[in-house]
Amino acid sequence: MEYIPMFTPSRQFLVISAALLSACATLNAPPASSLTMEALRELPTQHYTLAPEGAVVEFTAKPVGLPNVRGNFEHFGGTVAIVDAGNDRIDIDAAVNLASVETGNRGYNHMLMSEAWFDVERHPEARFQGSLAGFEGEGLGRVEGTITIKGVTRPAVLEVKLGCDGLNQCPHHEVGFNGQVTVSRSDFGMTGLRGVVRDEVQLSFRGVLGTP
74 MEYIPMFTPS
84 RQFLVISAAL
94 LSACATLNAP
104 PASSLTMEAL
114 RELPTQHYTL
124 APEGAVVEFT
134 AKPVGLPNVR
144 GNFEHFGGTV
154 AIVDAGNDRI
164 DIDAAVNLAS
174 VETGNRGYNH
184 MLMSEAWFDV
194 ERHPEARFQG
204 SLAGFEGEGL
214 GRVEGTITIK
224 GVTRPAVLEV
234 KLGCDGLNQC
244 PHHEVGFNGQ
254 VTVSRSDFGM
264 TGLRGVVRDE
274 VQLSFRGVLG
284 TP
């Protein structure tokens with residue numbers, strides 16, 4: 074997590090807050106070694122779960138005329154269910170614990186969790202749920218679904234990339250992934266401070282999915 078102390082508390086809080094108000098977007102930045110479509114379509118019926126070791130979910134805010142601000146979420150999880158890989162039937166479910174946001178400042182963290190922003194007491198997590206719409210290339214799949222944040226649900230279309238870099242049991246028991254997402258905070262009605270924080274924000278993530 075990168076902390077930039079040159080912001081005043083109010084400016085940095087607003088910038089970081091905007092970064093976390095996500096919406097539907099496009100995902101790229103794949104693993105270095107992609108899985109072939111043949112390997113993907115031969116996967117057995119099974120569930121993968123996110124391995125917490127080494128997994129990262131980060132965000133980058135882009136304030137107008139100021140350096141980028143970066144932070145991360147410390148608690149998140151997800152599953153990938155292979156229903157029928159031969160017919161591209163794969164379901165994805167991922168959630169982020171919004172109360173685990175880390176900005177490098179305890180006061181900012183508490184403000185982000187307040188009713189005025191994420192309201193974590195009533196809406197403790199952000200969630201993506203979707204299904205594979207088809208493979209589009211080696212390791213690349215198009216996923217259609219929804220993203221829900223603070224009780225607001227929006228349609229989402231993501232491209233996911235899978236690979237086997239550094240994995241000994243890939244792909245039947247381990248699959249690596251990574252990517253970047255450009256999101257729009259205004260899709261959730263968070264339209265304030267347009268002159269301070271850009272509407273588009275980036276989320277990035279990487280990790281390994283494994284079978285039990």
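For the sequence shown, this note's numbering begins at 74 and goes up steadily by one.
Just so it is clear, CB atoms sit at the ideal spot from N, CA and C, and this is done for glycine as well.
- For N160, the closest C-alpha among the options M110, V256 and F201 is that of M110.
- Listed in chain order, the alpha helix (DSSP H) runs fully inside the stretch 127-154 amount to none, counting runs of at least 4 residues.
- Spanning the alpha carbons of R215 and L235 requires a straight line of approximately 12 Å.
- With contacts defined as CB atoms closer than 8 Å, L276 and V256 qualify as a contacting pair.
- Checking the DSSP bridge columns, you'll see G180 has no partner listed.
- For S277, the three-state secondary structure derived from DSSP is strand.
- Nearest to P228 by C-alpha distance, out of L213, F261 and N251, is F261.
- Membership of A168 in the beta strand (DSSP E) is indicated by the continuous run R162 to N170.
- Contact between A172 and V153 fails: their C-beta atoms lie close to 25 Å from each other, not under 8 Å.
- E209 sits away from L108, with the two beta carbons spaced by 8 Å or more.
- In this structure, P244 keeps its C-beta atom at 8 Å or more from the C-beta atom of A128.
- Under the DSSP assignment, R215 falls in the beta strand (DSSP E) whose first and last residues are L213 to I222.
- The continuous stretches of alpha helix (DSSP H) do not include E115, and DSSP gives it neither H nor E.
- Judged by beta-carbon spacing, V269 lies beyond the 8 Å limit of A124, meaning their Cβ atoms are not closer than that value.
- If you ignore the 5 residues before and after V169, its C-beta comes within less than 7 Å of the C-beta of V130, F146, F149, E198 and A199, all in its own chain and listed in chain order.
- A straight-line Cα-Cα distance of about 14 Å links G224 and R258.
- The Cβ neighbour count for P140, taken over all protein chains shown within 10 Å, is under 16; the residue is labelled exposed.
- Following the DSSP letters along the chain, one finds Q202 inside the beta strand (DSSP E) bounded by residues E198 to G210.
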